[in-house]
Amino acid sequence: MSYLNSVTIVGFVGADLEQRQARNNGSKFTVLSVATQRSWKNAEDEWVSKVEWHRVAIFRPRLAEAVLTNIKKGAHVLVEGSLISSTYEQANGKGKKSKTAKMTSWSIRADVVRKLDRGEPEPQAPESGSDAAVLSSDTSEQAPF
34 MSYLNSVTIV GFVGADLEQR QARNNGSKFT VLSVATQRSW KNAEDEWVSK VEWHRVAIFR
94 PRLAEAVLTN IKKGAHVLVE GSLISSTYEQ ANGKGKKSKT AKMTSWSIRA DVVRKLDRGE
154 PEPQAPESGS DAAVLSSDTS EQAPF
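The sequence shown begins at 34 in the numbering used here and counts up one residue at a time.
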(Lines of atoms letter the chains of each structure in order from A and count residues from 1; the text may use other names and numbers.)
(Lines give C-alpha, C1' and ligand atoms only; values in the text may rest on other atoms or scores of the structure.)
Protein backbone atom coordinates (compact mmCIF):
# COMPACT_ATOMS: atom_id res chain seq x y z
CA MET A 1 0.00 0.00 0.00
CA SER A 2 1.26 3.48 -0.86
CA TYR A 3 1.01 6.52 1.42
CA LEU A 4 1.22 10.18 0.49
CA ASN A 5 2.68 13.05 2.51
CA SER A 6 1.97 16.18 0.47
CA VAL A 7 1.22 19.74 1.58
CA THR A 8 0.25 22.78 -0.51
CA ILE A 9 -0.29 26.17 1.10
CA VAL A 10 -0.92 29.63 -0.32
CA GLY A 11 -0.23 32.53 1.99
CA PHE A 12 1.92 35.52 2.79
CA VAL A 13 5.50 35.60 4.07
CA GLY A 14 5.28 37.16 7.53
CA ALA A 15 8.94 37.83 8.40
CA ASP A 16 12.33 38.22 6.79
CA LEU A 17 13.76 34.93 5.60
CA GLU A 18 16.61 33.30 7.50
CA GLN A 19 19.52 31.28 6.21
CA ARG A 20 20.69 28.64 8.69
CA GLN A 21 23.32 25.95 8.76
CA ALA A 22 22.63 22.30 9.58
CA ARG A 23 24.44 20.98 12.67
CA ASN A 24 25.16 17.52 11.29
CA ASN A 25 26.73 18.28 7.88
CA GLY A 26 27.04 22.08 7.79
CA SER A 27 24.85 22.51 4.71
CA LYS A 28 22.92 25.78 4.42
CA PHE A 29 19.12 25.93 4.28
CA THR A 30 16.47 28.67 4.22
CA VAL A 31 13.59 29.09 6.68
CA LEU A 32 10.50 31.24 6.21
CA SER A 33 7.19 31.76 7.99
CA VAL A 34 4.02 31.71 5.90
CA ALA A 35 0.65 32.92 7.20
CA THR A 36 -2.60 31.44 5.93
CA GLN A 37 -6.07 32.65 6.87
CA ARG A 38 -9.48 31.01 6.90
CA SER A 39 -12.80 32.78 7.41
CA TRP A 40 -16.28 31.57 8.33
CA LYS A 41 -19.58 32.86 9.68
CA ASN A 42 -20.24 32.15 13.34
CA ALA A 43 -23.58 31.40 15.03
CA GLU A 44 -24.38 35.14 15.16
CA ASP A 45 -23.90 35.35 11.36
CA GLU A 46 -20.71 37.42 11.77
CA TRP A 47 -17.53 36.81 9.82
CA VAL A 48 -14.69 35.41 11.92
CA SER A 49 -11.18 34.62 10.71
CA LYS A 50 -8.18 32.72 12.05
CA VAL A 51 -4.56 33.04 10.96
CA GLU A 52 -2.29 29.99 11.02
CA TRP A 53 1.51 30.27 10.82
CA HIS A 54 3.55 27.64 8.99
CA ARG A 55 7.29 27.12 9.29
CA VAL A 56 8.81 26.25 5.91
CA ALA A 57 12.31 24.80 5.55
CA ILE A 58 14.05 24.63 2.17
CA PHE A 59 16.99 22.22 2.02
CA ARG A 60 17.56 21.99 -1.74
CA PRO A 61 20.62 24.29 -2.19
CA ARG A 62 19.70 26.12 -5.40
CA LEU A 63 16.05 26.54 -4.42
CA ALA A 64 17.06 27.77 -0.93
CA GLU A 65 19.38 30.39 -2.45
CA ALA A 66 16.81 31.48 -5.07
CA VAL A 67 14.09 31.89 -2.44
CA LEU A 68 16.46 33.81 -0.14
CA THR A 69 17.27 36.34 -2.86
CA ASN A 70 13.83 36.64 -4.55
CA ILE A 71 11.21 36.33 -1.80
CA LYS A 72 10.75 39.05 0.81
CA LYS A 73 8.45 39.73 3.76
CA GLY A 74 4.90 40.37 2.52
CA ALA A 75 5.26 38.26 -0.64
CA HIS A 76 2.27 36.14 -1.69
CA VAL A 77 3.59 32.59 -2.17
CA LEU A 78 2.57 29.05 -3.01
CA VAL A 79 4.54 26.35 -1.18
CA GLU A 80 4.48 22.64 -2.02
CA GLY A 81 6.29 20.03 0.03
CA SER A 82 5.91 17.45 2.75
CA LEU A 83 4.99 17.67 6.42
CA ILE A 84 7.83 16.81 8.81
CA SER A 85 7.90 16.57 12.60
CA SER A 86 10.68 17.30 15.06
CA THR A 87 10.65 16.03 18.63
CA TYR A 88 12.71 17.63 21.38
CA GLU A 89 12.73 17.82 25.15
CA GLN A 90 11.96 21.03 27.02
CA ALA A 91 12.56 21.66 30.72
CA ASN A 92 9.40 21.85 32.86
CA GLY A 93 8.83 24.62 35.38
CA LYS A 94 9.48 24.23 39.11
CA GLY A 95 7.19 21.91 41.05
CA LYS A 96 6.47 19.58 38.12
CA LYS A 97 6.81 15.80 38.52
CA SER A 98 8.86 15.36 35.36
CA LYS A 99 12.04 17.39 34.76
CA THR A 100 11.46 17.51 31.00
CA ALA A 101 8.51 17.42 28.63
CA LYS A 102 8.67 15.94 25.15
CA MET A 103 7.55 18.49 22.54
CA THR A 104 6.71 17.93 18.87
CA SER A 105 6.74 20.68 16.27
CA TRP A 106 5.61 20.48 12.66
CA SER A 107 7.08 22.19 9.64
CA ILE A 108 6.95 21.91 5.87
CA ARG A 109 9.95 20.67 3.89
CA ALA A 110 9.48 22.63 0.66
CA ASP A 111 10.15 21.23 -2.80
CA VAL A 112 8.53 24.14 -4.67
CA VAL A 113 8.14 27.82 -3.69
CA ARG A 114 6.46 30.15 -6.18
CA LYS A 115 5.82 33.84 -5.80
CA LEU A 116 2.27 34.57 -6.93
CA ASP A 117 1.57 37.44 -9.32
CA ARG A 118 0.09 40.57 -7.76
CA GLY A 119 -0.22 42.68 -10.90
CA GLU A 120 3.54 43.19 -11.15
CA PRO A 121 5.41 43.20 -14.46
CA GLU A 122 6.33 39.72 -15.74
CA PRO A 123 9.83 38.82 -14.46
CA GLN A 124 12.59 37.10 -16.39
CA ALA A 125 12.10 33.33 -16.44
CA PRO A 126 14.40 31.55 -13.94
CA GLU A 127 17.26 29.48 -15.31
CA SER A 128 16.19 25.99 -16.11
CA GLY A 129 17.17 23.43 -13.52
CA SER A 130 15.59 21.05 -11.08
CA ASP A 131 16.01 23.43 -8.13
CA ALA A 132 14.78 26.66 -9.80
CA ALA A 133 11.16 26.95 -8.70
CA VAL A 134 10.74 30.67 -7.94
CA LEU A 135 8.63 32.72 -10.34
CA SER A 136 8.91 36.40 -9.51
CA SER A 137 11.15 39.10 -8.09
CA ASP A 138 11.12 41.46 -5.11
CA THR A 139 8.04 43.32 -3.75
CA SER A 140 7.89 46.18 -1.30
CA GLU A 141 7.65 45.27 2.36
CA GLN A 142 4.09 45.04 3.61
CA ALA A 143 2.04 43.29 6.27
CA PRO A 144 1.05 39.67 5.54
CA PHE A 145 -2.59 40.66 5.00
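Ideal Cβ placement from N, Cα and C applies to all residues, glycine included.
Being a predicted model, the structure only gives us computed values, none of them experimental.
DSSP state of residue i mapped onto helix, strand, coil
{"i": "Ala124", "result": "strand"}
{"i": "Glu79", "result": "coil"}
{"i": "Leu65", "result": "strand"}
{"i": "Leu96", "result": "helix"}
Contacting residues, own chain, Cβ-Cβ under 7 angstroms from residue i (five flanking each side not counted)
{"i": "Ala55", "result": "Phe62"}
{"i": "Trp73", "result": "Val81"}
For residue i, the residue or residues it bridges with in DSSP
{"i": "Gly114", "result": "Val40 and Ala143"}
{"i": "Ser72", "result": "Ser82"}
{"i": "Ile91", "result": "Thr63"}
{"i": "Met34", "result": "None, per the DSSP bridge assignment."}
{"i": "Thr133", "result": "Ala124"}
Cβ-based neighbour list, residue i, same chain, cut-off 6 angstroms, excluding 5 preceding and 5 following
{"i": "Ser119", "result": "Ser138"}
Contact belief for residue i with residue j at Cβ below 8 angstroms, rounded distance in angstroms
{"i": "Phe112", "j": "Lys148", "result": "Before going on, a small fix: residue 112 reads as Val here, not Phe. That pair is no contact at about 11 angstroms."}
Own chain residues within Cβ distance below 8 angstroms of residue i, not counting five before or after
{"i": "Glu160", "result": "Any reading at Glu160 needs caution, since the residue's pLDDT is 49, under 50, leaving its predicted position unreliable; the model's value is listed next. Excluding residues within five positions, none has a Cβ falling inside 8 angstroms."}
Problem - Three or more C-beta pairs below 8 angstroms linking the region 84 to 96 and the region 135 to 151 - result: In this structure the region 84 to 96 lies against the region 135 to 151, because at least three pairs of beta carbons, one per stretch, are closer than 8 angstroms.
Handout entry: Any 3 or more C-beta pairs closer than 8 angstroms across the region 74 to 86 and the region 97 to 115
Key = Output reads no: the region 97 to 115 does not touch the region 74 to 86.
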